[in-house]
Amino acid sequence: MNELIRLLKQDARLSNEQLASMLGITTKEVAEKIEKLEADGIIKGYSAIVNEELADKNSITAFIELKVTPQRDKGFDDIAKTIMMYDEVESVTLMSGGYDLAVTVTGTNFKDIALFVAQRLATIDGVLSTTTHFFLRRYKEKGIFIQEEDVDERGYVAP
483 MNELIRLLKQ DARLSNEQLA SMLGITTKEV AEKIEKLEAD GIIKGYSAIV
533 NEELADKNSI TAFIELKVTP QRDKGFDDIA KTIMMYDEVE SVTLMSGGYD
583 LAVTVTGTNF KDIALFVAQR LATIDGVLST TTHFFLRRYK EKGIFIQEED
633 VDERGYVAP
């Protein structure tokens, strides 16, 4: 199963026939394994990795760290559930270290994200502080190189 998951994480568009060939099993076995992974909730969905700079020049992404007060008998779960219901939010993760939650959001400009943080995130009961980091350029996403390597010709010497 781990090898099947690894292959699907690399390229979810591989056909069952291709996966079967790579794994040395039948197409039917691949289909059954994928169906079980989906039924067990191990595979939650499939998505494309997009170069956002090319797809939408007006899109901006930010990584927001939140310090929060955990709620009695619920910990961080209720705050995380509240945050993940906003359309702008792409991901919410409980983390160790100086901050409790990591939130990734997308907006159309810096001001939209700043207002989202100030008016929505910071006003949630239990949120003590936020720190916002804007993504300036993505180089690699889920193991896939996003930016093509630029050729630096400064080091070339003409004869």
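Going by this note's numbering, the first residue of the sequence shown is number 483, and it counts up by one from there.
Ideal Cβ placement from N, Cα and C applies to all residues, glycine included.
Problem set entry | Assigned secondary structure, S573 (DSSP; H/G/I helix, E/B strand, else coil) | It is a strand residue.
Exercise. Measuring CA to CA, which of I595, E623, M567 is closest to T614?
Worked result: T614 has its Cα closest to that of I595, out of I595, E623, M567.
Problem set entry | S503 - containing beta strand (DSSP E), residue span | For S503, there is no enclosing beta strand (DSSP E); the enclosing alpha helix (DSSP H) has its first and last residue at 498-505.
For this session: For A562, count neighbouring Cβ atoms within 10 angstroms of its own Cβ and tell me buried if that reaches 16, exposed if not.
Result: A562 is classed as buried because its beta carbon has at least 16 other beta carbons within 10 Å across all chains shown.
Exercise. How is the beta strand (DSSP E) around K549 delimited, first residue to last?
Worked result: 542-550 is the span of the beta strand (DSSP E), which, as asked, contains K549.
Problem set entry | Test item: CB-CB of Y528 and A584 under 7 angstroms | It is not a contact, given that the beta carbons lie outside the stated cut-off.
Problem set entry | CA nearest to the CA of A530, picked from Q492, T543, T551, D582 | Comparing Cα-Cα distances from A530 to each of Q492, T543, T551, D582, the minimum goes to Q492.
For this session: With DSSP as the reference, label K526 as helix, strand or coil.
Result: In this structure, K526 counts as coil in the three-state DSSP scheme.
Exercise. What separation, rounded to the nearest whole angstrom, lies between the Cα atoms of S541 and F598?
Worked result: Cα-Cα distance, rounded: 15 angstroms.
Exercise. Beta-carbon separation of L548 and T588 under 7 angstroms?
Worked result: No; because the gap between Cβ atoms is not below 7 angstroms, this pair is not in contact.
Exercise. What does A584 pair with, by DSSP beta-bridge criteria?
Worked result: For A584, which the question treats as bridged, DSSP gives the partners E547, T575.
For this session: Taking 7 angstroms as the cut-off, decide whether the C-beta atoms of L536 and K515 are in contact.
Result: Taking 7 angstroms as the Cβ cut-off, L536 and K515 do not qualify as a contacting pair.
Exercise. Going by beta carbon distance, what residues of the same chain come within less than 6 angstroms of T543, once the five residues before and after it are set aside?
Worked result: Contacts found: T588, F617.
Exercise. Rounded to a whole number of angstroms, what is the C-alpha to C-alpha distance between M577 and I628?
Worked result: Computed Cα separation, rounded: 26 angstroms.
For this session: Go ahead and pull the three-state DSSP assignment for V599.
Result: Three-state DSSP puts V599 in a helix.
Problem set entry | Given G580 as reference, the closest of K539, K556, T551 once Cα atoms are compared | Comparing Cα positions, the closest option is T551.
For this session: Enumerate in chain order the residues of its own chain whose CB-to-CB distance from R554 is below 7 angstroms, with the five nearest sequence positions on each side excluded.
Result: Closer than 7 angstroms at Cβ, skipping near neighbours: no residue.
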